[in-house]
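Residue numbers (the UniProt record's numbering): 1 to 625.
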C-alpha cells in the first residue's frame, strides 16, 4: 500500500469472466463481483491513457484514465472493466489554525475537568474537613474562651491551622467540651459558595456517580430506560450497514442476498428506532409539563421552557460539529477519507444545525452538515409547537385531544399524497430501485416534520393518560390486556416485516405503497405506546422486568451523546480502510460491537466533560421557580 504522492487511490475493477446463461445464482456469487483493489499514487498533473472504455471520476473532480497496458504488465491481470477509482488528495494535512483552535478548546475543557476534580477531591478530603477555624467575635476578631478546664492542653497556633491532634490530648466529656475552645470551619460566603458550585459542576467525582447511578425515582417511567438503549443500539446497527454500503463492496451480491432475506428486514427497517425516540419525546414533554402546570397552577415561564431545551441540546451538538469538522480530517488517511466525508457543506450550513432548521435548509439532504442530526431538527420543531397542544390539554382536555387527532390525520394525509405524487416504494432500502429515488425520499418524506410527527403525537396522548391516571388506578381484565399485547405486537411486526415482498421481486402497487408509508409510523407509535402503558400500569410482566431493570439507566443517560457521535465513529473506521469492504455476518457483527463500544465510551467522555456540567450550571443560575 503506497502513501506517497499527492493522491491516495483505491481502484476497483472487475476481472474478465465469461458467464453462461445456465449458471446458478450460487455459482455466480463467487465470480460475478470478483473485484480487486490496487493502491496507486497518482500525480494530478499526469494524464494516463487507457483502452477500457471506462471514465473514472475521482473525488477531487479530476478525471484519471488508467493505462490498460501498464496495469496489465504490472499485475498480469487482463482488465474487462474498471468500475471505479476512489481517491483522497493530500492525505496528510498540515495542522491549520482551525484545528489548533479547536484542539485548544477541548484541551482547556479537559484541563478544567481535571482541575475541578482535584479541587473537589481536596475539598471533600479528610485533610480539608479537619481544617477548623476559631470562632469570631462581633468584630470578626479571633478569640478564645477564658474558662478552660484545668490541665487542658490548648493547641498552639500551628495546630489551629493544621488541625493535628497533639499527643497527650485528653478526650473530654460533654461538660468539659462546653468549656473548651471550639475551632470550626468558617461559614462560606455567598460568592465562595457559588464559586464552589460552578467548579464542582465540572468535577468527575460529582458527575460520574450521577452517570453510573442505577437509582430511579418512584415517579419515573422505568421501562423507558430499556427502550431508549435498545432503540439506540438499533440505530447504530442500521447505520453500520447503511453507511458501510455507500463504499465500494467486494461482494455486492451478498448485500442483495441479505436484503432479500426475511430476518434482515430488522436491519433494513431500522428507521422505526427513530420513531421510538419520537414517541418517548412526546410522552415525556407532555407528562412532565402537565405535572408542572398542575404544580404551578397553570403558570409556566415559557421562555425558560424553550431555553432549557436549547441549553440541553445545543452545546453537545456544537462540540460534536467542532470535533468532526476540524479534528477528524487528520484521523483518516485512506482512499475513503473524502468519499464518505459529510463535512464539505459544514462551512456554509453549520448554522442551520444550531437553529434546528437543517431538515428544511439546505433543501437537499446531500448537502447537510452531519446529516444524521435531522432528527434533532424534527424533535425541536415538535417541541416548539408542543405548548399549542399542552395548554388546551391542561385546561380543556377534549380540545387538546381533538387537536392531536386533527394533526395526526393531516400528517397521514400529507404523507400519502406525497408518496402518491412521487411514486415512492415502500421498501426504501431496496437498491434495485433508482438510487435517486432514495435521495428524494429522504428529502420529501423522511426528514420532514409533517410526515414524522404522528409517533410524537401518539406519545403525547400516552403522556396525558399517565398524568391523568396514577399508577394502580387503572384496572384491566387479563384477557383485555393479553388481547392488547397480541394486537400491539402484531402491528409492530407488520410495520417491520410486511414489506418483505418488495425485496423479492414482488413490488406493491402504488396504492399499497401509499397506505404503508402513510400509516406505518403512526402504527408503530401506537404499538409502542401500549408497551409503555402496560409496563407502567403493571401489565408488562417479564417485559417490564427486562426493560425496567436499573442497569439500563446508566446507558440510557448516554443516549443523546451516543446518537451524536456514533456515525463519526463509523466514518472514521471507513476512512482508515485501505481495502474494499467485504460483507460477512461475522465481520459486520464485529464492526457493530466495536463501534457500539467506542461510541458509548466517547459518549461518556462528552457527557462528563460538557453535558453534565452544563446541567449543573443551569441549576445554579436559572431560577428554580
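Every residue gets a Cβ at the ideal spot worked out from N, C-alpha and C, and that includes glycine.
Whether residue i touches residue j by CB criterion (7 Å)
{"i": "residue 447", "j": "residue 374", "result": "yes"}
{"i": "residue 577", "j": "residue 336", "result": "yes"}
{"i": "residue 456", "j": "residue 382", "result": "yes"}
{"i": "residue 509", "j": "residue 454", "result": "no"}
{"i": "residue 345", "j": "residue 367", "result": "yes"}
{"i": "residue 458", "j": "residue 279", "result": "yes"}
{"i": "residue 221", "j": "residue 536", "result": "yes"}
{"i": "residue 542", "j": "residue 495", "result": "no"}
{"i": "residue 609", "j": "residue 109", "result": "yes"}
{"i": "residue 378", "j": "residue 315", "result": "no"}
{"i": "residue 528", "j": "residue 254", "result": "no"}
{"i": "residue 203", "j": "residue 125", "result": "no"}
{"i": "residue 517", "j": "residue 417", "result": "no"}
{"i": "residue 265", "j": "residue 497", "result": "yes"}
{"i": "residue 564", "j": "residue 607", "result": "no"}
Close Cβ partners of residue i (< 8 Å) along its chain, the five nearest in sequence each way excluded
{"i": "residue 435", "result": "Unreliable placement is indicated for residue 435, whose pLDDT of 49 sits below 50; the coordinate value is still reported in the next sentence. Contacts found: none."}
{"i": "residue 350", "result": "321, 325 and 369"}
{"i": "residue 311", "result": "614 and 618"}
{"i": "residue 477", "result": "none"}
{"i": "residue 216", "result": "222, 225, 550 and 553"}
{"i": "residue 194", "result": "620"}
{"i": "residue 502", "result": "425, 426, 427, 430 and 508"}
Beta-carbon separation (whole angstroms), residue i vs residue j, contact threshold 8 Å
{"i": "residue 463", "j": "residue 223", "result": "Actually they do not touch by this definition, with Cβ atoms about 14 Å apart."}
{"i": "residue 298", "j": "residue 460", "result": "No, residue 298 and residue 460 are not in contact; Cβ-Cβ is about 18 Å, not under 8 Å."}
{"i": "residue 199", "j": "residue 119", "result": "6 Å"}
{"i": "residue 573", "j": "residue 237", "result": "Contact doesn't hold; Cβ gap of about 15 Å is too wide."}
{"i": "residue 380", "j": "residue 356", "result": "4 Å"}
{"i": "residue 415", "j": "residue 451", "result": "5 Å"}
{"i": "residue 409", "j": "residue 400", "result": "In fact, because the Cβ distance is near 15 Å, the residues do not count as touching under 8 Å."}
{"i": "residue 241", "j": "residue 596", "result": "Not really, about 13 Å apart at Cβ, beyond 8 Å."}
{"i": "residue 390", "j": "residue 246", "result": "Not a contact, Cβ separation roughly 40 Å."}
{"i": "residue 622", "j": "residue 302", "result": "Actually they are not in contact, since the Cβ atoms of residue 622 and residue 302 sit about 14 Å apart, beyond 8 Å."}
{"i": "residue 291", "j": "residue 560", "result": "Contact flag wrong, Cβ pair sits at about 22 Å."}
Limits of the unbroken alpha helix (DSSP H) element including residue i
{"i": "residue 489", "result": "478-497"}
{"i": "residue 331", "result": "Per DSSP, residue 331 belongs to no alpha helix (DSSP H) and is neither H nor E."}
{"i": "residue 308", "result": "302-322"}
{"i": "residue 361", "result": "Looking at the DSSP string, residue 361 is not in any alpha helix (DSSP H), and its letter there is neither H nor E."}
{"i": "residue 532", "result": "510-536"}
{"i": "residue 609", "result": "No alpha helix (DSSP H) holds residue 609; DSSP gives it neither H nor E."}
{"i": "residue 419", "result": "397-422"}
{"i": "residue 223", "result": "223-244"}
{"i": "residue 427", "result": "Here residue 427 belongs to no alpha helix (DSSP H), and DSSP marks it neither H nor E."}
{"i": "residue 197", "result": "190-201"}
{"i": "residue 343", "result": "From DSSP, residue 343 is part of no alpha helix (DSSP H); its letter is neither H nor E."}
{"i": "residue 366", "result": "No alpha helix (DSSP H) holds residue 366; DSSP gives it neither H nor E."}
{"i": "residue 544", "result": "542-547"}
{"i": "residue 574", "result": "559-575"}
{"i": "residue 506", "result": "That residue, residue 506, is in no alpha helix (DSSP H); it is neither H nor E in DSSP."}
{"i": "residue 381", "result": "374-385"}
{"i": "residue 207", "result": "204-212"}
{"i": "residue 121", "result": "97-123"}
{"i": "residue 287", "result": "272-295"}
Residues that DSSP places opposite residue i in a beta bridge
{"i": "residue 581", "result": "249"}
Contacting residues, own chain, Cβ-Cβ under 6 Å from residue i (five flanking each side not counted)
{"i": "residue 638", "result": "There is no way to answer for residue 638, as the model of the chain reaches only from 1 to 625."}
{"i": "residue 99", "result": "326"}
{"i": "residue 499", "result": "426 and 427"}
{"i": "residue 474", "result": "537"}
{"i": "residue 157", "result": "Residue placement at residue 157 is poorly supported in this model, since its pLDDT is 35, which falls under 50; the coordinates still yield a value, given next. Once the five neighbours on either side are set aside, residue 157 has no close Cβ partner at all."}
{"i": "residue 161", "result": "Any reading at residue 161 must be qualified, since the residue scores a pLDDT of 34, below 50, and its modelled position is unreliable; the value itself is stated next. Contacts found: none."}
{"i": "residue 555", "result": "229"}
{"i": "residue 358", "result": "352, 368 and 377"}
{"i": "residue 77", "result": "Reliability of the predicted coordinates at residue 77 is poor, the pLDDT of 45 falling under 50, and no value is obtained from them."}
{"i": "residue 481", "result": "539"}
Sequence-distant residues of its chain with Cβ nearer than 7 Å to residue i (five each side left out)
{"i": "residue 239", "result": "566, 567 and 570"}
{"i": "residue 231", "result": "273, 276 and 277"}
{"i": "residue 562", "result": "232, 599, 600 and 603"}
{"i": "residue 526", "result": "458 and 491"}
{"i": "residue 422", "result": "440 and 444"}
{"i": "residue 626", "result": "There is simply no residue 626 to check, as the chain begins at 1 and stops at 625 in what is shown."}
{"i": "residue 150", "result": "A caution first: residue 150 carries a pLDDT of 41, below 50, which makes its placement in the model too unreliable to give a value."}
{"i": "residue 24", "result": "For residue 24, the predicted model reports a pLDDT of 43, less than 50, meaning its position is unreliable and no value from the coordinates is stated."}
Any non-hydrogen atom of the ligand NAP closer than 6 Å to residue i Cβ
{"i": "residue 449", "result": "Although the ligand NAP was asked about, the structure shown includes no ligands whatsoever."}
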